[in-house]
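Accompanying notes for the structure given below.
There are 2 protein chains.
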Amino acid sequence: MSKVSSSREAKPRGIREIELADQVFSALAHPARRQILLSVHNRGECNAGDIAKRFECSWPTTSRHLATLVNSGLLKVRQNGRERVYRADNRLLQRLLSKWAGYFGEDC
Amino acid sequence: MSKVSSSREAKPRGIREIELADQVFSALAHPARRQILLSVHNRGECNAGDIAKRFECSWPTTSRHLATLVNSGLLKVRQNGRERVYRADNRLLQRLLSKWAGYFGEDC
DNA sequence: TTTTTAATTAGCAAAGTTGCTAATTAAAAC
DNA sequence: GTTTTAATTAGCAACTTTGCTAATTAAAAA
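So the protein sequences, as listed, match chains A and B. Numbers 1 to 108, taken from this note's numbering, label the letters of the first sequence in order. Numbers 1001 to 1108, taken from this note's numbering, label the letters of the second sequence in order.
Now the structure itself:
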């Protein structure tokens, strides 16, 4: 599971696309992370406690899944007082889905 | 990474869809497996040796990746003399992509 | 300023993944 | 029947992931 690069230099297109696939597929390889992502996406915005409450695993474990999703670029987070508010950023996923639909899709 | 179930009983829809996501995302979480899948898909059919030759890692390692892809349902294999011929089966991936495009897609 | 609340980080054990080489299986060629 | 070829399986070490509890950080409330 690769952490999203923080370097500011431009990267060749091929590299970016390999990283894109790696970030997204790795992040989505765990069922809890898929659930979390879908849940945040559907609810619009969620703080960590709301999310942790709704899952079986411990809060710290959820917290780590959240960090993984943020690192992959699939979630954005914003601090609000002592809460952290998470929101889905669909762009990476949309890029990846349309790319792979291009490879494998029968239509679209 | 869950092995695809071999039981013959019908399963509730929800379960099947969770397994679908698990199989596909887990299988695609490794870059070598993505490369192998794309390569087999593009070439139509490939035997194990052809595939192993074109990748850096050892043949047994490639062989295990192939087995993982077959278990996930993304590849089919057929024995031909002493060769094993692999072919991509796009159906699972298409189902998953359109499902997730439904969740996250901006268009389509 | 002390306590409560929201959340993460630290640290660790269990489990899973990956890659290698060596061993094995089984069909084909000789 | 022996050898070669195609491929997998076995076994093992290194690494990563996951989950837990305990400790920590920092904002809000009292």
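The beta carbon of each residue, even a glycine, is placed where N, CA and C say it ideally should be. The model shown is predicted, which means the values in this text are computed figures rather than measured ones.
- Pairing B/L1028 with A/S26, the inter-Cα distance amounts to about 8 Å.
- Along the length of the segment 1027 to 1093 of chain B, whole alpha helix (DSSP H) runs at least 4 residues long occupy 1031 to 1043, 1048 to 1053, 1059 to 1072, reported in chain order.
- Taking one beta carbon from each stretch, the segment 1071 to 1085 of chain B and the segment 1052 to 1062 of chain B have fewer than 3 pairs nearer than 8 Å; the two do not touch.
- For A/E17, the three-state secondary structure derived from DSSP is helix.
- In this structure, A/A88 sits away from A/L20, with a CB-CB distance that is not shorter than 9 Å.
- Residues of the segment 1012 to 1035 of chain B whose Cβ lies closer than 8 Å to any Cβ of chain A, in chain order: I1018, A1021, D1022, F1025, S1026, L1028, A1029, P1031, R1034.
- Here the C-alpha atom of A/A52 lies approximately 12 Å from the C-alpha atom of A/Y86.
- In summary, the residues of the segment 71 to 88 of chain A whose CB is separated from some CB of chain B by less than 9 Å are A88, in the order they occur in the chain.
- Taken in chain order, the members of the segment 93 to 106 of chain A whose beta-carbon sits within less than 7 Å of a beta-carbon on chain B are L93, Q94, L97, W100, A101, Y103, F104, G105, E106.
- Judged by their CB atoms, B/Y1103 and A/H30 are not nearer to each other than the 9 Å cut-off.
- Separation of the CB atoms of B/A1048 and B/R1078 is rounded to 12 Å, and the pair is thereby denied contact status at 8 Å.
- Excluding residues up to 5 positions away in sequence, L20, A21, V24 lie with their Cβ nearer than 7 Å to the Cβ of A/L96 in the same chain.
- Taking 9 Å as the cut-off, the beta carbon of B/G1105 is found closer than this to the beta carbon of A/S98.
- A distance below 8 Å between beta-carbons, with the five flanking residues on each side excluded, links B/Q1035 to the following residues of its chain, in chain order: F1055.
- The Cβ atoms of B/A1101 and A/A101 lie closer than 9 Å to each other.
- Around the C-beta of B/R1033, 16 or more other C-beta atoms lie within 10 Å, and the residue is accordingly described as buried.
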